[in-house]
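Each number in the working numbering corresponds to the 1-based position in the sequence shown with 15 added. Report on the following structure.
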Amino acid sequence: MNMIKENTGPRRKLALAVSLLGMGLAGSAHADITVGVILSLTGAAASLGKPAENTVRVWPTEIGGQKVRLVMLNDNSDATEASKQASKLITEEKVDVIVGPSITPPSIAAMEVAGRNGTPIIALGGGNAIVEPQEGPRKWAFKMAAPESLSVEKAIEHMKAHKVKNAAVIAVTTSYGEGFLKAFSTQAPAAGIKITATERIGAQDVSATSQVLKVMAANPDAVYIFSFGTPGATPHIELAKRGYKGAIYQTHGVANADFLRIGGKDVEGSFMAVAPVLVAEQLAAGNPVRKPAMDYVTQYEGKYGENTRSQFGSTAWTALNWLQATVPVALKKAQPGTLEFRQALRDALEGMKEVVSPEGVFNMSAANHNGLDARGQVMVRIDGGKWKLVDDAK
């Protein structure tokens, strides 16, 4: 039996509450596992939150042989709201684990609440500031998106192969943009790439004209945009309309169908380092990520339509994969609904080894609550409105 409760208020603070009840498990010795999910279903990051919501809706009704009670809330792409929703999940819903929020600033806000209350959180945001440094409340936080350093390294390898000598940057004014800017500012000079201009843009800005004009005046070989969701399309489209002829790079923060739809022909030919799931069918047969990525794509696109996959939906599936790997371990030590279970689940997440998902292969440690390696990033080009795997040497 599934029970879904919708709230259609103007801000959709409570997006839905879902109780997923497994079948034939009445004799279980353990209580239900309660999973709280916080997503950006409205606001600037709604295009990231929606595919994650769609993915959670097709989660199985049990994990580790236990029934799952799922409560999903909307943070409106706002850090303050995310903090409130995390508190609500912990104090009112008594969750065993939180999944989300969708982007970095709300993820950091929710992490602070979760960590202070001894609740593990699997963040879907991309910034490493969610899990670094590994101290205080961050000891309870985990995130699966590739670290900025790994993503930037992949892009720089591609730039060098294409003889890029200098590049300009347009970064969103959030911790996500700042994280990528820091990584690129460190790695680019070491790779012989000069940064000729650095411009910033707000997540709510509807125009990037001034930033683009300044960037083009620097005449860079390439422009690297550090943004997320549909806001990442704004400077990209402006560059195309102004006739910029150099290479344009984006981050995995825009890797969804909405970016392709909004950008249209203006984003054709651009590059980004992304999770392998976007090009699952194009991966080599021996790639360990190919099968889980294809399994997810088949299930997701079977329900929501061809070419609807995104990295932001697959992160929600990866969160499920992590729970499938760790809940059975935690159940050996304690029952859901207790601090002992939450501690055991946190420890199991930190101890994950070679856990494979559509996002890559994860090996955690006390010092590393991301655990992704180079198998979690591939370079793609937008070609004909689709993602195309490219050989970095070409």
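All C-beta atoms in this analysis are idealised placements derived from N, C-alpha and C, irrespective of residue type, glycine included.
Cβ-Cβ separation, residue j to residue i (assumed contact under 8 Å), whole Å
i: K180; j: I210; result: The pair is not a contact, with the Cβ atoms about 11 Å apart (cut-off 8 Å).
i: G366; j: M379; result: 7 Å
i: P235; j: A183; result: 4 Å
i: T134; j: I113; result: 6 Å
i: A59; j: A160; result: 17 Å between Cβ atoms; not a contact.
i: T49; j: K109; result: 6 Å
i: A389; j: L165; result: 7 Å
i: L196; j: A331; result: That pair is no contact at about 27 Å.
Whole-angstrom distance between residue j and residue i, CA atom to CA atom
i: W402; j: T323; result: 12 Å
i: M394; j: A288; result: 4 Å
i: G352; j: V342; result: 13 Å
i: V405; j: A359; result: 41 Å
i: G194; j: D111; result: 30 Å
i: G320; j: R276; result: 15 Å
i: D310; j: I137; result: 22 Å
i: D398; j: V292; result: 17 Å
i: Q339; j: A255; result: 44 Å
i: E77; j: A206; result: 48 Å
i: F286; j: Y264; result: 5 Å
i: K158; j: V83; result: 21 Å
i: V370; j: G301; result: 16 Å
i: K154; j: A382; result: 9 Å
i: Q297; j: G400; result: 16 Å
i: F377; j: N385; result: 7 Å
i: E163; j: S117; result: 16 Å
i: K260; j: F243; result: 23 Å
i: L40; j: G80; result: Because L40 sits at a pLDDT of 33, beneath the cut-off of 50, its placement in the model cannot be relied upon, and the following sentence gives the value as read from the coordinates. Taking the straight line joining both Cα atoms gives about 8 Å.
i: I216; j: Y239; result: 13 Å
i: T23; j: E150; result: Because T23 sits at a pLDDT of 34, beneath the cut-off of 50, its placement in the model cannot be relied upon, and the point is left open.
i: E316; j: R305; result: 16 Å
i: T106; j: L387; result: 32 Å
i: G37; j: A334; result: Its pLDDT being 38, under 50, G37 is placed unreliably by the model, and the measurement read from it follows with that caveat. The straight-line gap from Cα to Cα measures roughly 19 Å.
i: P307; j: E374; result: 9 Å
i: E21; j: G279; result: Reliability of the predicted coordinates at E21 is poor, the pLDDT of 38 falling under 50, and the value obtained from them is presented with this limitation in mind. Their Cα atoms are separated by approximately 33 Å.
i: R396; j: H173; result: 11 Å
i: W337; j: P75; result: 14 Å
i: A223; j: S92; result: 21 Å
i: A299; j: A176; result: 22 Å
i: S200; j: K178; result: 18 Å
i: V344; j: K368; result: 13 Å
i: L228; j: E127; result: 39 Å
i: Q226; j: R357; result: 46 Å
i: E214; j: T266; result: 16 Å
i: R361; j: G258; result: 50 Å
i: K169; j: P204; result: 15 Å
i: G64; j: T245; result: 12 Å
i: T187; j: S372; result: In the sequence on display, residue 187 carries Val and not Thr. In a straight line, the C-alpha of V187 is about 29 Å away from that of S372.
CB of residue i within 8 Å of CB of residue j, strictly
i: S62; j: D273; result: yes
i: P250; j: T189; result: no
i: F241; j: G284; result: no
i: A101; j: I123; result: no
i: V146; j: A156; result: yes
i: A295; j: V312; result: yes
i: A248; j: S325; result: no
i: S98; j: A67; result: no
i: A129; j: P152; result: yes
i: I185; j: V230; result: yes
i: V71; j: K318; result: no
i: G328; j: N69; result: yes
i: A262; j: A233; result: no
i: E11; j: K348; result: Lying before the first or after the last residue shown, residue 11 is absent from the chain, which here runs from 16 to 409.
i: G268; j: G115; result: no
i: Q202; j: I171; result: yes
i: A46; j: Q350; result: yes
Touching or not, the region 44–61 and the region 75–90, by the rule of three or more beta carbon pairs under 8 Å? yes
Continuous beta strand (DSSP E) assignments of at least 3 residues falling wholly in the region 133–174: 136–138 and 156–158
Which complete alpha helix (DSSP H) runs does the region 46–84 hold, if anything under 4 residues is left out? 61–71
Segments assigned alpha helix (DSSP H), at least 4 residues, entirely inside the region 215–279: 224–232, 248–256 and 272–278
At 4 residues or longer, what runs of the alpha helix (DSSP H) sit wholly inside the region 314–354? 326–346
Going residue by residue through the region 171–198, where are the continuous beta strand (DSSP E) segments of at least 3 residues, counting only ones entirely within it? 181–187
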